[in-house]
Amino acid sequence: MKYYIPPQSYKYNSPNPRMLHSHDLPISSQPTTPSKNLNHSPTSYLLRTLSRGLVDALNRLPSPSAYAFLDKHMSPHFAMYNSGGHECILPHVQSRQQQLDNILALRKAHPEWKLRIFHLSAVVESGGEAGWVLYTSLGEGGPPDEEFNAQQEMVGRFSWRRRVGDGVWECFMHEGIRGGGDFYS
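Just so you know, we're using full-length UniProt numbering here: the sequence shown kicks off at 1 and counts up by one.
1. Any idea what DSSP makes of Gly156, helix, strand or coil?
2. Using DSSP with H/G/I as helix, E/B as strand and the rest coil, what is Ser75?
3. Taking only runs that begin and end inside the stretch 106-143, name each unbroken beta strand (DSSP E) of 3 or more residues, in chain order.
4. Going by C-alpha distance, which of Ser65, Arg162, Gly139, Gly156 is nearest Glu112?
5. Could you spell out the range, first to last residue, of the beta strand (DSSP E) harbouring Gly176?
6. Which stretch, first to last residue, makes up the alpha helix (DSSP H) that contains Asp166?
7. So Met173 packs on Phe78, CB below 8 Å; how close in whole Å?
8. Which partner residues of Tyr67 appear in the DSSP bridge assignment?
9. From Asn37 to Ser65, what does the alpha carbon distance come to, in whole angstroms?
10. Inspect the beta-carbon positions of residue 186 and Met80 and report whether they are closer than 7 Å.
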């Protein structure tokens, strides 16, 4: 079963390079059909836990334990997109290394910056080999300007799959989706 198309095969049909349409995203070789019995399963719980761990590791960079977690659970071909064309502080990436470099640069400029993540919900595909986690988040510790959207709650989606060979869950894509508004101002 193949659930992942490498980032090199993505095509961008959107007139706005910051905005992707559904036809720009990779399609699984099998239909994505949520399995109701898997969404409240240990696998669903594991994907939510791994998603929290992923954000925690990114918040702890450059800690050696953060790198150990990311090496194990973040695909080298990790891709990050801002699907709504919103003003995310991080650009689109096509690899784990690009994402880590961006996070490290942000942390160097703003050492107190962290991403708080909450309200996680996991969907596990039939067969239990892939899934995704939706969550809300709020950045904190950045400078007091609109670029960081310090009061803008955001929605994100981590896409997960079991790695061929060892079966370890790895996150291969993050999609940033604009949140609802300035809830905390």
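Every residue gets a Cβ at the ideal spot worked out from N, C-alpha and C, and that includes glycine. As the structure is a computational prediction, the values presented were derived from the model and not from experiment.
In terms of the structure at hand:
1. Three-state result, Gly156: strand.
2. If DSSP states are grouped into helix, strand and coil, Ser75 belongs with the strands.
3. Those beta strand (DSSP E) runs which fall completely within the stretch 106-143 and span 3+ residues are 114-124, 130-140.
4. Cα-wise, what sits closest to Glu112 is Gly139.
5. Counting along the chain, the beta strand (DSSP E) containing Gly176 begins and ends at 169-177.
6. Where Asp166 is concerned, there is no enclosing alpha helix (DSSP H), given that its DSSP letter is neither H nor E.
7. Sure, about 7 Å apart at Cβ, within 8 Å.
8. The partner list for Tyr67 (beta bridge, DSSP) is empty, contrary to what the question assumes.
9. Because the pLDDT of Asn37 is 47, which lies under 50, any placement of that residue in the model is unreliable, and the number read from its coordinates should be weighed accordingly. Roughly 34 Å between the two C-alpha positions.
10. Here the chain has residues from 1 to 185 only, and residue 186 is not among them.
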